[in-house]
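Going letter by letter, the sequence shown gives residues 941 to 1285 in our numbering. We put the CB at the ideal spot given by N, CA and C, even for glycine. Keep in mind the model is a prediction, meaning the values are calculated, not measured. The structure appears below as structure tokens.
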Amino acid sequence: MLLPNGDMASSEWWNLLSSTWGKWTEGPPLSVTSNSVGWLVEFENHEAQILPLDEDGHGRHLATLGCEELHTAIGGFQVEGRDVILIFKKMAMESLPMDDQHLRLAGEALGRFHATCGRHLATPNDERAWNKRLDILEPRTRSATKWRAPHSADTQGTITHRNFGLEHCHLLNGKVIITGCYGGINNALVPENSPSPALRDVAAAILNLSSDQKRSFCEGWVSSAPSHWYSYKALDGHRGGLIIWEYEQHLEQRLFHQAWGKKEPPHVTQFLASVSSVQNGMYRVRTIAAGALVCTFVPLTAILYWIFYPGSEIPSDFAIASMGIMGISGWLLNKIYRYLAPRPW
941 MLLPNGDMAS SEWWNLLSST WGKWTEGPPL SVTSNSVGWL VEFENHEAQI
991 LPLDEDGHGR HLATLGCEEL HTAIGGFQVE GRDVILIFKK MAMESLPMDD
1041 QHLRLAGEAL GRFHATCGRH LATPNDERAW NKRLDILEPR TRSATKWRAP
1091 HSADTQGTIT HRNFGLEHCH LLNGKVIITG CYGGINNALV PENSPSPALR
1141 DVAAAILNLS SDQKRSFCEG WVSSAPSHWY SYKALDGHRG GLIIWEYEQH
1191 LEQRLFHQAW GKKEPPHVTQ FLASVSSVQN GMYRVRTIAA GALVCTFVPL
1241 TAILYWIFYP GSEIPSDFAI ASMGIMGISG WLLNKIYRYL APRPW
């Protein structure tokens, strides 16, 4: 942890420093206020975010993307690859209204950001690292839950915002701009050992939204994000889908509120209390999946036997009809199994 030594409100303190990348501040500081990640120092045309604790310089990483959807730093001061000071250009932005239209616009902005990230980095499914993260969060929060997911091959790791939330979405000349583009103490508390999928940012946005609001935001995201990241396989609740990342984000929220000694939001408590019932429902429908598997492979085995096994008898009409009915039953049971998966949103 690097704490500022001296008066951050004085010009002398700032004159002793200079950027290690990009642009630096101009003029005297106007005010110093503390926030959840450090201190925000206001200048005439810039704002400086001071981060006493950071993970891996994620603020600078986001700045190098050149993504128009983000309000990223224009310069900063790093020590051993970690952001200590990030300089942002001041912009007159408005808060995002929470109606369906603006939620859809926010989802579209996040999707365009993810499309940019996908062109820079797309790593294979890393379910071991993603589940290991849950292994850390569950005991730290003393949660009574335990949930792991196999994850689809369409769920790739990429560059994510890491601190995304609708509170970081603002309007600038009618366009949604995403702020909060830094790592900081939240990331340092639970470091990222493997790139997370884009669904993690989506889950962070919908934690406290109604069903209709979730649908509006996610439909906006789907309209601009890379198509394979929202494929049927990627959103399959039986293989993790979006809901496993909602679980991870709720655990993080519990961790942060415990770390700062704050009261846990009701939506976090309610979601984590419902995990057992969701899991029980998923376990029950696995019997349907088993039935679908049997009804699919028995007819297939019989057909292969009739065709290729030497000396096999010619099947009767009744046997052929029975295998046909069983095959159709397997197809129907598989459809029912898929239908009973947790809804993506």
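So residue 1205 packs on residue 1193, CB below 8 Å; how close in whole Å? 7 Å
How would you call residue 1230, buried or exposed, if buried means at least 16 neighbouring beta carbons within 10 angstroms? exposed
Below 8 Å, can you find three or more Cβ-Cβ pairs linking the segment 1032-1046 to the segment 1069-1080? A contact between stretches requires three or more CB pairs, one per stretch, nearer than 8 Å, and the segment 1032-1046 fails this requirement with the segment 1069-1080.
Uninterrupted beta strand (DSSP E) stretches inside the segment 1070-1127 (no shorter than 3 residues): 1109-1112, 1115-1118
How many angstroms separate the CA atom of residue 1111 from the CA atom of residue 1197? Straight-line Cα distance between these residues: approximately 28 Å.
Could you check the C-alpha separation between residue 1125 and residue 978 for me, to the nearest Å? 8 Å
Integer Cβ distance of residue 1140 from residue 1100, believed to fall under 8 Å: 6 Å
Can you tell me whether residue 1286 is buried or exposed? The criterion is at least 16 other CB atoms within 10 Å of its CB, across all chains shown. The requested residue 1286 is not part of the displayed model; the chain covers only 941 to 1285.
Please work out which residues of its chain come closer than 7 Å, Cβ to Cβ, to residue 1056, disregarding the five sequence neighbours upstream and downstream, and give them in chain order. Contacts found: 1005, 1007.
Sufficient close CB pairs (3 or more, under 8 Å) joining the segment 1015-1035 to the segment 953-964: With three or more CB-CB distances shorter than 8 Å, the segment 1015-1035 counts as touching the segment 953-964.
Under DSSP, the alpha helix (DSSP H) around residue 972 begins and ends at which residues? According to the DSSP assignment, residue 972 belongs to no alpha helix (DSSP H) but to the beta strand (DSSP E) extending over 971-975.
Starting from the C-beta of residue 1262, find all residues in its chain whose C-beta is less than 8 Å away, skip the five residues before and the five after it, and write them out in chain order. none
Look up residue 1169 in the DSSP assignment and say whether it is helix, strand or coil. helix
Among 1010, 1085, 1029, 1051, which one has its Cα closest to the Cα of residue 1215? Its Cα nearest to that of residue 1215, the residue 1085 stands out among 1010, 1085, 1029, 1051.
From residue 1128 to residue 951, what distance separates their C-alpha atoms? 30 Å
Take residue 967 and list the residues in its own chain whose beta-carbon comes closer than 6 Å to its own, dropping the five residues that flank it on each side. 983, 984
Nearest to residue 1098 (by Cα), restricted to the options 1062, 1132, 987: Among 1062, 1132, 987, the Cα nearest to that of residue 1098 belongs to 1062.
Opposing strand residues paired with residue 1029 [DSSP bridges]: 986
Give a yes or no on whether the C-beta atoms belonging to residue 1276 and residue 1243 are separated by under 8 Å. No.
What number of angstroms, rounded off, separates the C-alpha of residue 1186 from the C-alpha of residue 1256? 53 Å
Can you tell me whether DSSP reads residue 980 as helix, strand or coil? strand
Could I get the ranges of all uninterrupted alpha helix (DSSP H) runs contained in the segment 1182-1252, with 4 residues as the minimum, in chain order? 1183-1199, 1206-1224, 1226-1248
Start-to-end residues for the alpha helix (DSSP H) that takes in residue 1142: 1139-1145
Kindly indicate which residue of 1115, 1279, 1095 has the alpha-carbon position closest to the one of residue 1180. Residue nearest to residue 1180 within the set 1115, 1279, 1095 is 1095 (criterion: CA-CA distance).
What residue does the alpha helix (DSSP H) around residue 1047 start on, and which one ends it? 1040-1060
Proximity below 8 Å, CB of residue 999 to CB of residue 1109: no
On the three-state DSSP scale, how would you describe residue 1159? helix
When you compare the CB positions of residue 1054 and residue 1174, do they come within less than 8 Å of one another, or not? no
Starting from residue 1015, trace the beta strand (DSSP E) both ways and give me its first and last residue. Looking at the DSSP string, the run of the beta strand (DSSP E) that includes residue 1015 is 1015-1019.
Under a three-way DSSP split, which group does residue 1151 fall into? When DSSP states are grouped into helix, strand and coil, residue 1151 belongs to the helix group.
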